[in-house]
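Note sheet for the following structure.
Number of protein chains: 4
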Amino acid sequence: MISNPLTRAVRSRVRFWRPRAVLKALPEASGGGSRRWYSAPSRRGVSVMEEILARVVAPLPSYETRDKSPPPPESTSLEFMNYYRGLEKEDKVDFLSKLSQECGVDHKTVSELATKLLDTQRRDQATILQAEDRLRYSLTPRYKQLFSHVSRVEGGVKFLVDLRADLLEILASKASENPHIRDLNGTLKSLLSKWFAVGLLRLERITWQSPCEILQKISQYEAVHPVRNWTDLKRRVGPYRRCYAFTHAAMPGEPLVVLHVALTEDISDNIQSIVREFATLDAEEDINKINSAIFYSISSTQAGLQGVELGNYLIKRVVRELQSEFPHMAQFSSLSPIPGFCSWLQGLLGQYRKEGRGADLLSEQEWSEVEQALDSDAGTPPVDSLRKLIATGEWTRSEKLCLALEPVLMRLCAWYLYGEKRRGFALNPVANFHLQNGATMWRINWRADTSPRGVANSCGIMVNYRYFLNQTTTNSALYLQNKAVAASEQVLGLVSQFQKNSKL
Amino acid sequence: MISNPLTRAVRSRVRFWRPRAVLKALPEASGGGSRRWYSAPSRRGVSVMEEILARVVAPLPSYETRDKSPPPPESTSLEFMNYYRGLEKEDKVDFLSKLSQECGVDHKTVSELATKLLDTQRRDQATILQAEDRLRYSLTPRYKQLFSHVSRVEGGVKFLVDLRADLLEILASKASENPHIRDLNGTLKSLLSKWFAVGLLRLERITWQSPCEILQKISQYEAVHPVRNWTDLKRRVGPYRRCYAFTHAAMPGEPLVVLHVALTEDISDNIQSIVREFATLDAEEDINKINSAIFYSISSTQAGLQGVELGNYLIKRVVRELQSEFPHMAQFSSLSPIPGFCSWLQGLLGQYRKEGRGADLLSEQEWSEVEQALDSDAGTPPVDSLRKLIATGEWTRSEKLCLALEPVLMRLCAWYLYGEKRRGFALNPVANFHLQNGATMWRINWRADTSPRGVANSCGIMVNYRYFLNQTTTNSALYLQNKAVAASEQVLGLVSQFQKNSKL
Amino acid sequence: MISNPLTRAVRSRVRFWRPRAVLKALPEASGGGSRRWYSAPSRRGVSVMEEILARVVAPLPSYETRDKSPPPPESTSLEFMNYYRGLEKEDKVDFLSKLSQECGVDHKTVSELATKLLDTQRRDQATILQAEDRLRYSLTPRYKQLFSHVSRVEGGVKFLVDLRADLLEILASKASENPHIRDLNGTLKSLLSKWFAVGLLRLERITWQSPCEILQKISQYEAVHPVRNWTDLKRRVGPYRRCYAFTHAAMPGEPLVVLHVALTEDISDNIQSIVREFATLDAEEDINKINSAIFYSISSTQAGLQGVELGNYLIKRVVRELQSEFPHMAQFSSLSPIPGFCSWLQGLLGQYRKEGRGADLLSEQEWSEVEQALDSDAGTPPVDSLRKLIATGEWTRSEKLCLALEPVLMRLCAWYLYGEKRRGFALNPVANFHLQNGATMWRINWRADTSPRGVANSCGIMVNYRYFLNQTTTNSALYLQNKAVAASEQVLGLVSQFQKNSKL
Amino acid sequence: MISNPLTRAVRSRVRFWRPRAVLKALPEASGGGSRRWYSAPSRRGVSVMEEILARVVAPLPSYETRDKSPPPPESTSLEFMNYYRGLEKEDKVDFLSKLSQECGVDHKTVSELATKLLDTQRRDQATILQAEDRLRYSLTPRYKQLFSHVSRVEGGVKFLVDLRADLLEILASKASENPHIRDLNGTLKSLLSKWFAVGLLRLERITWQSPCEILQKISQYEAVHPVRNWTDLKRRVGPYRRCYAFTHAAMPGEPLVVLHVALTEDISDNIQSIVREFATLDAEEDINKINSAIFYSISSTQAGLQGVELGNYLIKRVVRELQSEFPHMAQFSSLSPIPGFCSWLQGLLGQYRKEGRGADLLSEQEWSEVEQALDSDAGTPPVDSLRKLIATGEWTRSEKLCLALEPVLMRLCAWYLYGEKRRGFALNPVANFHLQNGATMWRINWRADTSPRGVANSCGIMVNYRYFLNQTTTNSALYLQNKAVAASEQVLGLVSQFQKNSKL
């Protein structure tokens with residue numbers, strides 16, 4: 001349901017960055033250095049870069065005069081922005097490396113001040129505080145000032161958001177192994193976190209009355225359940241639907257994170273009933289039929305704001321908004337996709353087959369039902385048939401196979417969501433997002449997304465992450481600190497079935 | 001012309017804080033401690049404070065989990081805000097002291113990490129960077145997190161602005177000598193600087209069509225040349241006038257800094273012609289008569305944003321705005337008051353008299369003219385007569401006296417503005433403001449503000465700080481770094497007359 | 001409570017038109033003609049007028065080509081508007097007379113077509129309908145076309161509203177006895193009625209967030225209970241108050257009719273508690289304390305829209321608006337002034353005295369109480385003392401007199417409101433307005449307006465016209481058709497006391 | 001270029017009304033009466049109709065009380081609206097017939113008052129005026145009052161616009177021959193003309209920032225050059241384009257008439273270069289390349305406003321708007337389609353063939369060129385080949401044929417536009433529209449619309465009607481009054497070629 005920052009980064013890399021294969025073809029150009037995967041900028045380019053950096057990144061004022069330094073003229077920031085925008089991708093890597101390395105912290109000063117601080121430990125509080133403050137100031141990278149200046153220029157904040165998107169791509173693609181790049185990214189993220197603090201965001205409800213420009217963007221950004229045409233779009237902002245976005249004063253007309261909500265009687269177990277049903281297009285909402293709010297799509301639109309909490313806050317704000325509009329509304333839940341389930345399953349089946357444990361995932365009874373339904377060639381091993389079936393989605397055309405596979409896929413999916421982890425947190429990025437927010441893994445739904453895409457990604461299964469409002473804070477803390485996943489009996493039941501069968 | 005932060009703080013102290021006299025009357029209540037100037041909060045109060053702090057200020061997450069900590073529920077922030085708002089002034093001092101002292105930095109961790117950093121100096125870059133980053137993180141006071149959470153709540157940013165206003169008063173009134181308070185103030189100022197970065201501000205032109213709420217505030221905030229009635233107000237947003245303000249998404253309907261501009265043929269030398277002339281109230285602007293933009297009033301409205309640059313950026317933005325509206329506009333200048341000139345002059349005269357140098361400030365010729373015009377008692381020393389004259393403003397009723405005093409007061413004023421310094425910068429706060437911005441001290445104007453207020457503050461003298469757009473950056477840097485004041489020949493001429501006469 | 005169109009016309013006449021006395025002084029200038037009360041326009045003026053009329057008022061197209069006539073260029077309308085605006089008051093009368101007389105209906109054509117129509121009476125329906133349509137068309141005055149063209153120009157509608165205000169003044173002041181003027185007025189009124197049909201009006205709620213321009217106008221137009229300052233104004237748009245206006249697309253920023261409402265627990269009997277009470281200025285409205293809506297002021301702002309129903313519709317719209325905001329609100333009532341009561345009373349007393357029936361209005365008991373309280377000169381007849389008392393308002397300072405006069409003034413006032421008629425309808429214009437709307441004369445309130453103005457106009461008495469929503473249509477029809485006044489028992493009781501005592 | 005009211009009426013008839021053929025199949029149901037083409041409403045229906053009419057259409061008040069009649073309660077109007085909306089198409093005809101016949105003018109009163117008027121002819125002016133006014137009043141149909149009341153209800157004006165669309169369809173389809181229907185239509189049109197007077201309309205510029213609801217409507221209403229997708233739509237409101245609409249306070253969110261303008265260097269001679277060129281989608285407008293405004297599409301959206309001048313006024317307003325945005329803009333012209341040219345041509349060719357004059361339209365030389373290019377069967381007469389070519393549009397694929405036909409089709413088209421008349425005015429509705437507005441028939445353009453639609457309608461030819469601003473008033477008057485067509489030399493040249501060749 002959330003477009004995962006990781007997938008997003010990968011996707012954009014493909015679109016934007018030179019693909020890995022190409023990079024590998026260029027090693028001889030890198031001069032043996034471990035840092036370069038691309039052609040070196042021309043000599044002239046390098047010297048221009050250095051000139052630019054010298055001009056636009058001012059030295060850090062002394063601690064005493066830190067409040068007495070006039071900002072540089074706006075033209076300096078503009079020069080920096082224009083120069084950077086004009087660079088080729090490869091040169092950007094080089095430039096950002098230089099910036100991070102040469103315009104960061106003065107390590108010598110830092111270590112001197114650290115020594116001084118240690119010397120003051122027996123002194124009075126005021127002296128210690130001052131020594132700490134000087135040390136803290138010395139730990140400010142010079143480029144932080146530059147970013148502050150750029151943020152003041154029209155379009156400057158957007159520029160920095162995009163620059164951070166470049167940084168994330170460099171880090172993800174390992175295009176640079178310069179450790180300073182990571183610092184640069186951290187500094188920029190921390191600044192963006194402040195500029196995009198929730199108190200500075202504006203909640204906008206998007207309706208059919210909103211500017212076309214916004215609605216077109218909403219339409220484009222909707223990657224989870226793509227919008228097909230005007231009517232489709234009108235539906236998503238029409239009766240029994242709500243669409244909210246956060247916008248920001250520094251990026252007017254640009255929705256930063258978008259949440260689509262369906263207002264329903266019960267918690268939905270099927271996405272087509274939400275995005276493909278047009279009966280109510282001109283209906284008046286009947287307030288008595290509205291008991292539940294289903295978050296059926298949430299998308300972040302700015303790659304450069306990865307890690308800056310927005311989606312979580314948007315959901316909370318929208319809950320408040322809906323509660324004030326519908327005081328009796330009691331049920332809040334997502335209806336979320338499970339990207340990656342089928343790939344994971346294919347991997348699992350492949351591994352089992354390799355290990356000769358191909359039969360272990362299904363009970364004998366189940367295998368026989370599958371084989372019967374399959375009517376497969378005598379020679380093919382059943383695991384292979386199953387893998388092929390899942391790859392093609394053809395099982396969905398056979399009622400028998402559907403019946404046979406339902407219990408199998410449901411418990412595998414439950415395990416994938418609940419049991420598969422990465423550094424202790426849910427491997428599935430959508431699950432991780434909602435669990436961080438304090439939601440409960442509530443119900444796994446069979447035949448919930450029957451679109452080709454839904455079948456291909458997750459065998460048509462979707463999941464509700466339910467928001468019990470009085471539990472989200474506790475759940476969130478338990479998950480983030482103890483990695484404990486809140487789940488319903490249905491989910492836990494499926495998980496235990498999986499464990500019993502799979503001998504994992 | 002700018003309402004000086006210093007005077008402002010003093011003014012608000014009187015209004016808001018327990019006046020000094022009262023504070024002094026209470027030392028015995030403070031139990032001998034050097035820290036308290038006020039009655040101690042009740043025991044119960046203290047324990048409640050501690051409870052609250054324990055509840056609302058979370059411990060700093062470990063470096064590893066710093067991105068994995070869920071924000072506390074909003075109710076925690078609201079509890080903090082409500083508790084603080086409900087405190088008596090004295091208890092606020094106590095509470096902020098506790099907050100700053102007990103929820104700041106963990107000095108032990110800091111010194112450990114400083115030691116570790118020193119140990120890594122010979123290691124590779126990545127290791128050093130990491131050690132620096134850990135040290136930097138350990139230098140984050142815990143209350144900084146609290147403020148971030150508060151900023152997300154509706155009204156939270158405004159709350160923090162007001163809390164900082166309290167801090168500034170405590171610091172100014174020396175109500176607390178706790179050195180941690182200064183750190184608290186620094187941290188908060190740095191956060192506010194980010195939230196009120198210029199890219200996040202919105203320039204609004206205020207007109208007669210603006211909401212009444214805004215216009216009433218504009219009217220109230222205008223301390224420089226007070227607004228008297230509807231017609232007066234309408235005049236200031238009518239033809240040949242502009243009124244601009246910065247507003248901020250987190251404080252809707254609240255102008256943060258307000259700039260009044262008059263559009264004139266020549267650079268104005270008289271304020272009454274701007275604020276008292278109504279001939280043009282319904283006129284259409286004749287673009288051919290508009291060559292100059294006179295900034296005749298600028299006011300900051302939020303005491304808590306002291307030190308956060310807004311006025312400077314507002315002037316720059318408005319210049320751009322005016323240039324785009326009037327492409328041929330070539331002259332930009334303030335017409336500024338000179339608060340403090342008369343007080344300074346009285347002090348000077350008093351001191352000269354004490355030192356027996358009473359005669360030195362005027363030439364013999366001048367003294368004789370003054371005495372002649374005064375027709376004073378034989379017995380009274382002329383310096384005393386002069387002091388009395390200036391105190392009462394009665395000299396303005398005698399043409400002779402006016403003529404006699406003009407050269408004297410003009411050169412004294414030039415010296416006051418140009419030569420009197422505080423830590424090397426202009427003593428006069430309005431001068432300091434414009435010089436920081438890079439303006440030139442351009443023309444001192446006789447009979448420029450003939451209102452009783454103008455006569456009482458500055459003998460009716462006003463000054464133009466002129467903005468030569470291609471020089472402001474240089475001027476600003478020269479002033480802030482070298483304390484060099486850019487001044488016109490007229491000003492320098494008056495200054496040198498003063499020096500010649502006054503034997504200073 | 002409503003600013004009566006009649007009084008309004010009178011007021012504006014004084015301001016705008018040449019006062020009657022002056023007009024009377026000029027008969028000899030009029031050359032004996034019955035038409036002129038003012039100096040003749042110069043010969044040149046007259047010929048210019050005729051030229052202008054010839055140019056701007058096109059001949060009526062033939063019936064056949066009536067849809068084939070291109071509108072004149074906009075410049076023609078502008079010429080007409082500028083010419084008219086530039087005329088002196090006296091010349092306007094002359095010009096409008098000419099326009100009405102020379103550019104009206106072609107009487108000859110009308111009588112020919114009337115003859116033809118009579119000839120067709122035995123023919124088929126289609127023929128009769130055609131003859132009627134031709135006749136109807138021939139009855140269109142030529143100036144009606146002119147007005148249509150003018151309405152299309154920017155500012156044209158406002159121009160015509162103001163032109164009609166002039167017409168009404170001419171008719172009221174009898175400045176012209178030209179019968180065509182009345183026709184001109186009728187035509188224009190009928191056009192304005194269409195342009196200001198309620199479907200084309202916009203209801204605006206005025207708040208402290210509304211543009212200052214609107215609020216200043218609201219403040220100026222409030223003639224019933226004048227607004228004194230910002231706080232006063234803020235009060236009237238603040239909590240427990242509502243202020244609504246109709247605006248019109250063709251006159252942007254101009255409230256046409258304004259209604260002030262107080263939201264109260266019970267039906268108010270005192271105006272000071274509404275306009276002078278500031279306790280609630282920043283309060284939050286407690287919905288449980290809001291049971292009644294009190295219309296305490298309604299003002300039409302455009303003299304030229306006299307007779308075009310706006311106030312009636314505004315009240316109805318506002319009732320709907322309030323019902324949707326406060327579904328349980330059950331009581332709707334005005335709290336209205338009684339302009340003219342004191343003047344009427346003085347007239348009555350004067351007449352009684354002349355007729356020697358001075359004693360008849362009060363019972364013996366009452367006279368003796370009044371005389372006792374008065375402590376008057378033996379010689380003065382009590383009626384004269386009473387008249388003087390009322391003229392000065394001094395009786396309000398004596399508790400005794402107040403007590404003695406209360407029953408007397410209350411029953412006289414009830415009679416004035418209920419019994420005094422003009423052409424069968426209530427003489428008091430405010431009563432007439434609310435009775436037309438279908439309100440009930442509900443309660444007469446003693447000491448309801450203790451301001452000097454209130455005492456001088458109506459001895460401090462005010463009246464509630466109550467809107468029983470399910471009765472207004474019937475009441476309105478009964479009043480307009482049968483002249484029947486709906487009144488409460490309190491009012492009828494007072495009226496019958498009056499009749500008993502006064503031997504009318 | 002304008003969607004012709006006539007075609008429009010026809011189009012909507014097909015969509016909405018029972019098609020002619022079907023109607024004809026039903027004569028026996030009409031009971032022999034000449035009036036009915038449809039099944040009679042049930043008896044119950046009729047009596048309900050009469051009841052409704054009795055209840056909602058009040059009798060005309062007497063002349064004396066005409067200003068003393070309270071409006072009926074709003075519920076009456078709502079009842080009427082709901083009743084009418086619920087009727088079947090056939091019953092609507094019946095109901096409108098009844099309304100027009102039974103609630104019109106009281107013919108008896110009219111003839112009495114006509115008689116009286118004739119009797120007053122020798123009396124004084126005031127008496128005559130009064131008699132005329134009474135007569136005029138008696139000529140007001142009762143349903144006019146009803147419409148006034150309806151217009152006051154929310155949605156009432158839109159209801160009446162739609163009701164008039166029904167009336168126009170009835171008249172066009174001859175579904176009723178009741179002559180009163182025509183009167184009803186005339187009355188309603190006259191009311192609508194007042195409510196939609198230009199002073200009450202609002203000019204809106206439509207941009208990509210406008211509400212999606214509006215833009216979708218713009219897209220739907222664009223019948224001239226249909227919009228295909230988001231990009232296409234964005235193009236039409238993007239750089240070098242303008243899109244304007246009139247809206248009305250009583251029908252919010254509903255564009256009434258829409259004008260699309262292209263800003264070009266020279267007067268465009270090809271529509272594809274306007275609607276299909278996307279090079280400039282994100283360009284910034286270069287003001288130096290903007291010399292001409294090309295009106296390339298204008299559409300009325302409300303069938304019920306036929307005959308109410310809107311398009312004409314919209315063009316004039318837009319010219320003013322453009323002149324103020326581009327003071328140096330000098331050329332204003334349409335680029336208009338020529339609907340009906342091919343049909344007319346086919347008719348002409350058919351007739352010539354019938355009359356045996358098939359050869360007359362082309363010169364011998366031309367015929368031989370066509371035949372050569374055609375390479376047609378020996379047997380087929382060339383006129384038939386030509387007719388077939390034009391019907392299929394196949395000639396456009398042969399360069400030879402294009403060359404051969406160009407002079408022929410151009411002069412025929414010139415004649416069609418310039419010479420073919422209906423009641424003396426241009427037969428082509430778009431020509432008639434622009435000539436009424438005062439435009440000049442300026443240039444006929446070959447290969448101007450190469451879309452299949454353009455080829456099918458007008459052999460790909462389009463025409464510029466040019467607006468010479470200082471001539472439009474004169475041109476308009478000459479055309480409307482003398483039926484004189486202003487045309488350029490190019491057009492006149494082609495016309496004279498046609499006349500020479502065609503022996504017409």
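Protein chains in written order, with the UniProt record's numbering: chain A, 1 to 504; chain B, 1 to 504; chain C, 1 to 504; chain D, 1 to 504.
C-beta: ideal position from N, C-alpha, C; glycine also.
Everything numeric in this text was worked out from a predicted model, so none of it was measured.
Can you list the residues of chain D that residue 211 of chain A reaches, using a CB-CB cut of under 8 Å? As a first step, residue 211 of chain A is located in the first sequence; it is residue number 211 there, counting from the start. Here the neighbours are 208, 209, 210, 211 and 212.
Residue 152 of chain C at chain D interface by Cβ criterion, 8 Å: The residue you call residue 152 of chain C lines up with position 152 of the third sequence. Yes - at least one Cβ of chain D is within 8 Å of the one on residue 152 of chain C.
Along the chain, where does the beta strand (DSSP E) that runs through residue 495 of chain B open and close? Counted from its first residue, the second sequence places residue 495 of chain B at position 495. Residue 495 of chain B -> not in any beta strand (DSSP E); alpha helix (DSSP H) instead, spanning 489-502.
Secondary structure at residue 331 of chain C, three-state DSSP: helix, strand or coil? The residue labelled residue 331 of chain C in the question sits at position 331 within the third sequence. Three-state DSSP puts residue 331 of chain C in a strand.
Neighbour flag for residue 56 of chain A against chain B, beta carbons, 8 Å: Here the question's residue 56 of chain A lines up with position 56 in the first sequence. By this cut-off, residue 56 of chain A is not an interface position.
Under the three-state reduction of DSSP, which class applies to residue 394 of chain D: helix, strand or coil? In the fourth sequence, counting from the first residue as 1, residue 394 of chain D sits at position 394. Helix.
List the residues of chain A that residue 230 of chain D touches, going by C-beta distances under 9 Å, in chain order. On the fourth sequence, residue 230 of chain D is found 230 positions in, with the first residue counted as 1. Going along chain A in sequence order, the residues near residue 230 of chain D (Cβ under 9 Å) are 212, 216, 219 and 230.
Minimum C-alpha distance to residue 58 of chain B - residue among B:113, B:421, B:310 and B:69: Translated into positions along the second sequence, residue 58 of chain B becomes position 58. The shortest C-alpha separation from residue 58 of chain B is found at B:69.
So who's on the other strand from residue 247 of chain D, going by DSSP bridges? One-based indexing of the fourth sequence puts residue 247 of chain D at position 247. D:202, per the DSSP bridge assignment.
Nearest-angstrom Cα separation, counted from residue 155 of chain C out to residue 137 of chain C: Within the third sequence, residue 137 of chain C is the residue found at index 137, counting from 1. Within the third sequence, residue 155 of chain C is the residue found at index 155, counting from 1. Cα to Cα, residue 137 of chain C sits roughly 28 Å from residue 155 of chain C.
Neighbour list for residue 194 of chain D in chain C, Cβ cutoff strictly below 9 Å: For the purposes of this step, residue 194 of chain D is taken as the residue at position 194 of the fourth sequence. By Cβ distance, chain C contributes 148, 151, 191, 194, 195 and 197.
Return helix, strand or coil for residue 293 of chain C, following the three-state DSSP convention. Position 293 of the third sequence, counted from the first residue, corresponds to residue 293 of chain C. DSSP places residue 293 of chain C in strand when its eight states are reduced to three.
Mind the definition here: the segment 262-272 of chain B touches the segment 218-228 of chain A only if three or more C-beta pairs lie below 8 Å; say whether that holds. no
Residue 484 of chain C burial status per 10 Å Cβ neighbour count (16 or more: buried): On the third sequence, position 484 is the one that residue 484 of chain C refers to. By the 10 Å Cβ count, residue 484 of chain C comes out exposed.
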